[in-house]
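Undergrad:
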Amino acid sequence: MSAGKDNSAQGAAQPQSLPELLDYCAQRYGDDPAIRAEGLTLSFRELQAAAADMARGLLTAGVGKGSRVALLAGNTPFWIVSFFASAQVGALTIPISTLASPGELAHILRHSDAHLLLAERTYVGRDYGQLIERALPSLSQAVGGGPLRLHEVPYLRSIWLDDPAGLEWAGDTGALIAAGKSDKALDEAFLAGIKEGIHPSDDGVIIYTSGSTALPKAVVHGHGSMARHAQVLADNHFPTPGHDVLCVLPMFWVGGLSMLLETFINGGSIVLPAGVSPQSVATALQKLGADMLHGWHAQLKTVRDLMLEQGADIEGIRNLRTERLPDGTPRPPDLVPNSLGMTESFGPHCASPVGTLLPEDRRGAFGPPIGTGDRRVVNPDTGEVLEPGQVGELQLRGGALMKGYYKRERSETFTPDGYFATNDLVRIEPDGHMYFSGRLGDMLKTKGANVSRLEVESALRGLDGVREVVVCGLPDPELGDRVVAAVAPAADATLDEAAMKAALSERLPAYKIPTDIVVIDHDDFLWTPSGKIRIADMAQLIAGRIGHSA
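Counting from 1, one number per residue, gives the positions in the sequence shown under UniProt numbering.
1) By the three-class DSSP mapping on this structure, what secondary structure does P33 have?
2) Exposed or buried, which one is L58 when buried takes at least 16 other CB atoms within 10 Å?
3) Which runs of the beta strand (DSSP E), 3 residues or longer, sit entirely within the stretch 58 to 89?
4) Cα separation between A55 and R467?
5) Name the DSSP beta bridge partners of A106, please?
6) Excluding the five sequence neighbours on either side, which residues of its own chain have a C-beta within less than 8 Å of the C-beta of R534, listed in chain order?
7) Can you list, in chain order, the residues of its chain with a C-beta nearer than 7 Å to that of L335? Leave out the 5 residues immediately preceding and following it.
8) Between the alpha carbons of G392 and R375, how many angstroms are there, rounded?
9) Could you work out which residue in L300, S339 and T98 is closest to H433 when comparing CA atoms only?
10) Whole angstroms are fine: how far does the CA of Y208 sit from the CA of L396?
11) Could you please give the first and the last residue of the uninterrupted beta strand (DSSP E) stretch that includes R375?
12) Taking its Cβ as the centre, do 16 or more other Cβ atoms sit within 10 Å of residue 563, making it buried, or is it exposed?
13) Along the chain, which unbroken stretches of the alpha helix (DSSP H) at least 4 residues long are found entirely within the stretch 95 to 177?
14) Can you find the residues in the same chain that come closer than 6 Å, C-beta to C-beta, to C25, ignoring five residues on each side of it along the sequence?
15) What residue range does the beta strand (DSSP E) around S452 cover?
16) Is it true that the CB of R121 sits closer than 9 Å to the CB of L71?
17) From the DSSP output, in three-state form, read off Q16 for me.
18) Ignoring anything shorter than 4 residues, give me the alpha helix (DSSP H) runs that lie fully in the UniProt domain "AMP-binding enzyme C-terminal" (455 to 532), in order along the chain.
19) What's the C-alpha gap between S112 and T302?
20) First and last residue of the beta strand (DSSP E) that includes A312?
21) Just verifying my parser: in three-state terms, what is the DSSP assignment at I198?
22) Compute the distance between the beta-carbons of A274 and A312, then report whether it is under 9 Å.
23) CB G255 to CB K403, shorter than 9 Å?
24) Can you look up Y24 in the DSSP assignment and give me helix, strand or coil?
25) Going by Cα to Cα distance, which pick from I96, L386 and A400 is closest to P369?
26) For S182, count the other beta carbons within 10 Å of its own beta carbon; 16 or more makes it buried, fewer makes it exposed. Which is it?
27) Applying the criterion that 16 or more other CB atoms from any shown protein chain within 10 Å of the CB defines a buried residue, is H229 buried or exposed?
28) Just tell me which of P388, V471 and F414 has its CA closest to the CA of E344.
29) With a threshold of 16 other CB atoms inside 10 Å of the CB of Q88, please say whether the residue is buried or exposed.
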């Protein structure tokens with residue numbers, strides 16, 4: 001960690017594209033580590049050189065500005081080098097989830113019009129050569145080393161793996177890089193000319209959302225908004241430069257990608273564990289060291305509990321240690337501003353600088369808007385702009401907001417005056433503090449009153465001994481929605497339905513308290529591949545447990 005480093009400009013202009021961001025980091029931070037993994041450390045200069053070598057290889061394979069380059073890999077050096085290489089030649093990069101099924105992979109490659117696929121052969125025990133063959137059955141006929149011509153994905157011309165052994169249809173990324181190096185025309189000046197042609201307004205990435213229903217949406221972000229927002233996020237997350245971050249969130253989704261960029265622009269290193277299990281993360285934290293762990297709340301809690309059980313010191317790791325007030329008492333969680341964001345806004349659009357403490361009368365509020373975007377709250381039924389303090393749908397415009405959804409008309413996505421409807425229900429007070437009320441689809445109506453699933457889940461999650469929770473609505477001819485819940489106990493905890501309802505009565509009005517709270521094992525919770533609870537399936541499970549029928 002280089003936490004004492006001067007964060008002044010040092011002659012480097014603020015980056016306006018992804019290639020500029022990497023060059024900016026290499027110029028400012030030079031030999032400081034950018035990537036740290038077991039057995040491998042890459043400095044910013046070394047990362048810049050590795051990305052340039054891969055970029056030359058992509059050029060020899062026919063990739064150029066506007067080409068679609070799909071990337072299938074986990075949080076590894078391969079992913080980071082490939083991502084920046086694709087950006088350097090002006091390609092539109094399409095990160096693909098390592099959790100994808102064959103059908104999902106085929107859909108993304110087809111929908112994105114991918115020209116070239118870069119992939120790791122294996123990650124955490126999964127063979128992606130086999131996955132690709134299952135996704136694209138006609139590959140079995142693709143032999144001879146020529147350009148691919150596959151009916152399932154008509155734009156795809158080549159697939160490159162770091163280990164193509166036994167796969168006649170795949171090229172070797174090592175050979176691709178060697179081809180780029182051997183082409184004397186692709187010198188440093190030529191690559192510089194390529195990068196100069198990349199404009200902040202150019203499309204940079206398509207991120208496929210991790211929705212729990214239907215097909216994922218394809219969110220397009222531009223070079224300029226990503227590069228600029230990385231600095232905005234770094235200014236909020238890091239009080240000093242040079243922090244070392246272990247990010248559990250996958251880089252193929254916005255949470256991991258935005259943290260990668262903001263860590264780099266701040267001069268910090270990304271710490272990569274050998275796997276995704278809590279033990280792999282805990283081992284990397286202790287062996288490689290990091291002063292911040294970034295992930296979902298449940299992931300952080302699991303790693304924290306594991307490390308404490310093993311007697312590890314977590315006091316130097318942000319998001320694991322107990323944050324304290326100046327008098328030494330633990331900092332109340334509801335006095336720490338939340339952040340709110342989404343794939344479409346490239347991460348948080350509302351946040352407060354780390355260390356901010358809310359006033360007592362603003363407990364539970366979210367941070368103010370960050371960056372240069374606009375926000376407003378409207379009546380979701382009429383579109384009328386609401387006054388401060390009224391609950392309505394949050395709409396966003398400008399800043400780091402996406403350019404749009406791939407293959408969707410702009411009129412399908414934005415209002416005539418350019419706002420994007422988030423589906424988030426919020427209220428914004430006159431002083432700018434924002435409160436999250438739920439998602440439009442998360443609102444239940446019982447006895448004519450609105451109930452936010454998320455509000456009830458938050459209240460349940462705050463009870464002692466609760467590890468996981470889901471709140472659902474079951475159709476009821478008299479109530480409308482019958483509010484029910486399933487909870488999983490923490491280790492060695494015993495949960496009692498009556499006791500939980502009694503405790504909730506201190507936190508929620510009576511109509512928001514679930515009529516039934518089912519205690520189940522954590523393993524009985526049903527999840528999507530992206531780690532989201534399958535609400536509809538959990539509703540059926542709860543209905544079966546309580547004998548409910550509409």
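Just so you know, even glycine gets a beta-carbon here, dropped at the ideal spot from N, CA and C. None of these values were measured; they are calculated from a predicted model.
TA: So, to answer that:
1) strand
2) buried
3) 68 to 72
4) 46 Å
5) None, per the DSSP bridge assignment.
6) S212, L526, W527 and T528
7) L357, L358 and R363
8) 12 Å
9) S339
10) 20 Å
11) D374 to V378
12) Nothing can be reported for residue 563, as the shown portion of the chain is limited to 1 through 550.
13) 102 to 111 and 128 to 135
14) F44 and F264
15) A449 to S452
16) no
17) coil
18) 497 to 504
19) 36 Å
20) Run containing A312: none; DSSP gives neither H nor E here.
21) coil
22) no
23) no
24) helix
25) A400
26) exposed
27) buried
28) F414
29) buried
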